[in-house]
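For the sequence shown, counting from 1, position 110 maps to 110 in the UniProt record's numbering; every step adds exactly one. Please read the structure below before turning to the comments.
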Amino acid sequence: MILNALGLDPGRVWKGPWRWYHENMLTCCLPRDVLTKGITLDDFVKIARCYGLDVDLHRVSPDTSLSYFQDVVIKMTSGSSEGYLVVCYSRSALGQTGTGHFAPVGGYHPDRELVFLFDTARFKYPPHWVSLTKLWFSMSQVDPDTQLPRGFVVLRKAAIPVSTEQLVKAQKELRLSFSKDTNNDHQDQVVNGSVLCLFGISDCAYQAYSSPSVLRDPNSTGYKLKLLVDRWVDWLRCDSEVPNELSTHFWYEALTYLFNEIDQLRPTSFFFVIHPFTTSLSDTQLNNTDSQFLNFSTHDILRDLIGSTLGHIVTDFMLKMNKEYLTWLTSDGTFRLSISTPDSWTKPTDDCPFTVLSDPGLRFCLLTASFLLAFPYDNFISNHLLFDSSVSSCLSSSTCVSRLQIMKKLTEDVKLLPTTLTELRLLRNTLQSLMNTNRNLWCTGCVEQK
Numbered sequence: 001m002i003l004n005a006l007g008l009d010p011g012r013v014w015k016g017p018w019r020w021y022h023e024n025m026l027t028c029c030l031p032r033d034v035l036t037k038g039i040t041l042d043d044f045v046k047i048a049r050c051y052g053l054d055v056d057l058h059r060v061s062p063d064t065s066l067s068y069f070q071d072v073v074i075k076m077t078s079g080s081s082e083g084y085l086v087v088c089y090s091r092s093a094l095g096q097t098g099t100g101h102f103a104p105v106g107g108y109h110p111d112r113e114l115v116f117l118f119d120t121a122r123f124k125y126p127p128h129w130v131s132l133t134k135l136w137f138s139m140s141q142v143d144p145d146t147q148l149p150r151g152f153v154v155l156r157k158a159a160i161p162v163s164t165e166q167l168v169k170a171q172k173e174l175r176l177s178f179s180k181d182t183n184n185d186h187q188d189q190v191v192n193g194s195v196l197c198l199f200g201i202s203d204c205a206y207q208a209y210s211s212p213s214v215l216r217d218p219n220s221t222g223y224k225l226k227l228l229v230d231r232w233v234d235w236l237r238c239d240s241e242v243p244n245e246l247s248t249h250f251w252y253e254a255l256t257y258l259f260n261e262i263d264q265l266r267p268t269s270f271f272f273v274i275h276p277f278t279t280s281l282s283d284t285q286l287n288n289t290d291s292q293f294l295n296f297s298t299h300d301i302l303r304d305l306i307g308s309t310l311g312h313i314v315t316d317f318m319l320k321m322n323k324e325y326l327t328w329l330t331s332d333g334t335f336r337l338s339i340s341t342p343d344s345w346t347k348p349t350d351d352c353p354f355t356v357l358s359d360p361g362l363r364f365c366l367l368t369a370s371f372l373l374a375f376p377y378d379n380f381i382s383n384h385l386l387f388d389s390s391v392s393s394c395l396s397s398s399t400c401v402s403r404l405q406i407m408k409k410l411t412e413d414v415k416l417l418p419t420t421l422t423e424l425r426l427l428r429n430t431l432q433s434l435m436n437t438n439r440n441l442w443c444t445g446c447v448e449q450k
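Pasting the structure below:
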């Protein structure tokens, strides 16, 4: 219920055309017989983490109080929360049949101090109200299997896998580095936004680097995306001769390899998506943000990327692609047009680029060019291979160098507006943070959270 409520994509069809999580899919971390006979609170936490959720566990103990739990219930049912609350309690303590049970909290009646529970065993009990005090008492009961009290869990969708402090520090460093390149007041205002305007990281990309469950399922999109990065990096790490027509020749070689791999893997989502008129800004940030900045940056970033030298190369490459493959890519496949979710805000503007993005060719060009320009190449270059003046001399001679080095040099040579460069740097930093998280996640068990 929580995975579906958070809008997480399982990367496969449940039944018919519907892509929803079902309990039969929850095969990560625990043997199947454990799921049928029942799980403990610790098992529940492991499963949630295995599927890439942020987990905040609270056991009922002398350190927690009823008033604290009440505050959590009020907050998580206020409508402004970005997550969900699940309680683990003893049914018998509530006068029900059965022992331990889990249920999401769906609401709270402050005057009567009643908690609304979405009972997951509806054949037994429908959704119902229960006294806050009685629920607290039922959570304090000791689980005979673990000899520990039960409790409650706050679950949230996986966010950027770095701490807020790390992210703020990275954004400040980005602003400082950018301020050295320009003195334009409007451009400085753009940087001070420090938020992606046009792009957003996809759920499948988060799962690829935080959820071992999807990596045990070769049919999941997360599995395919991580495998795509691994193959892409392996190709880039190989040496290549530097031809006379370096730029055009190498771009075509890279595009051919990339889309051959995408054709083999067929992921139904990409690492990032385009939000034509949505943003991740909070209400406070939105009120403090110049709407002219938002309109200017999103539309001009789009046009700048498509009109760049790389944009023209990608367009020419696209025109030579197999038409059936291109249709799949831009309709039901990797580059399909994402639709804004109900929890995102919509701000219609006269300059909204949605009409442009609905064109499959332009969307293909934008996502492809942005991926090539924003991929964190430094993340995979050994220290002794980091780009320096010696590599520049190699590129001007008939020799072999790492494709990673060639790609880094070519992306730096693409001329773009400062606004576009800022968006790409933010996207690159986010992708780098994501790919640095649990790099060796090809495991069969859970990733223990510290």
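Here a beta-carbon is modelled for each residue, glycine too, at the ideal position from N, C-alpha and C. This one's a predicted model, so the numbers in the text were calculated from it and none came from an experiment.
Residue i versus the options, residue with shortest Cα-Cα distance
i, options, result
"ASP54", "VAL130, GLN70 and VAL86", "VAL86"
"HIS128", "PHE137, VAL142, LEU117 and VAL72", "LEU117"
"ARG231", "LEU265, SER210, HIS249 and ILE201", "LEU265"
"THR256", "ILE313, LEU41 and CYS88", "ILE313"
"residue 530", "VAL414, VAL45, ILE406 and VAL154", "Look at the range of the chain in this structure, 1 to 450, and you will see that residue 530 is not part of it."
"SER358", "ARG91, VAL273, GLY100 and TRP235", "VAL273"
"VAL105", "GLY98, PHE250, ASP217 and VAL72", "VAL72"
"GLU82", "TYR108, TYR223, LEU6 and ASP263", "LEU6"
"VAL45", "PHE259, LEU417 and ASP56", "ASP56"
"THR97", "ALA208, ASP263, ALA121 and ASN219", "ALA121"
"PRO144", "TYR108, THR99, PRO126 and ARG112", "THR99"
"MET139", "SER61, LYS124, SER433 and TYR21", "SER61"
"THR420", "ASP304, MET407 and ARG150", "ASP304"
"ILE406", "ASP263, PRO418, ILE2 and PHE250", "PHE250"
"SER220", "VAL233, ASP234 and ALA205", "ALA205"
"LYS124", "HIS101, VAL142, GLY107 and ASP111", "HIS101"
"SER210", "SER247, GLY38 and LYS157", "LYS157"
"ILE301", "LYS37, LEU417, GLN70 and LEU135", "LEU417"
"TYR51", "ALA208, LEU135 and TYR325", "ALA208"
"ASP42", "LEU135, ARG150 and ARG336", "ARG150"
Exposed unless 16 or more other CB atoms sit within 10 angstroms - verdict on residue i
i, result
"LEU198", "buried"
"GLU423", "buried"
"GLN147", "exposed"
"ILE74", "exposed"
"ASN322", "exposed"
"HIS109", "exposed"
"ARG49", "buried"
"ARG91", "buried"
"ARG428", "buried"
"LEU319", "exposed"
"ASP332", "exposed"
"ARG112", "exposed"
"TYR21", "buried"
"ASP63", "exposed"
"SER78", "exposed"
"THR248", "exposed"
"LYS409", "buried"
"THR279", "In this predicted model, THR279 has a pLDDT of only 41, less than 50, meaning its place in the structure is not dependable; the value taken from the coordinates is given anyway. Buried is the call here."
"ASP378", "exposed"
For residue i: DSSP bridge partner residues
i, result
"ILE274", "PHE199"
"HIS101", "TYR89"
"GLY83", "ARG156"
"TYR325", "DSSP output for TYR325 lists no bridge partner at all."
"PRO129", "Rather than Pro, the amino acid found at residue 129 in this sequence is Trp. According to DSSP, TRP129 bridges with PHE116."
"HIS109", "LEU114"
"VAL314", "Answer is none; VAL314 lacks a bridge partner."
"PRO149", "VAL142"
"VAL414", "According to DSSP, which records beta bridges pairwise, VAL414 is partnered with nothing at all."
"SER220", "None; SER220 has no bridge partner."
"ASP239", "SER402"
C-beta atoms of residue i and residue j nearer than 8 Å
i, j, result
"PHE270", "THR334", "yes"
"MET435", "PRO376", "yes"
"PHE371", "LEU404", "no"
"THR315", "ARG363", "no"
"SER131", "LEU155", "no"
"CYS88", "PHE137", "no"
"LEU373", "THR411", "yes"
"LEU225", "PRO267", "yes"
"LEU66", "THR133", "yes"
"LEU196", "LEU431", "no"
"ASP119", "ALA103", "yes"
"PHE317", "TYR252", "yes"
"TYR84", "ILE201", "no"
"SER402", "ASP239", "yes"
"SER308", "ALA369", "yes"
Jot down the residue ranges of each uninterrupted alpha helix (DSSP H) in the stretch 42 to 81, minimum 4 residues, whole runs only, in chain order. With a minimum length of 4 residues, the continuous alpha helix (DSSP H) runs that stay inside the stretch 42 to 81 are 66 to 76.
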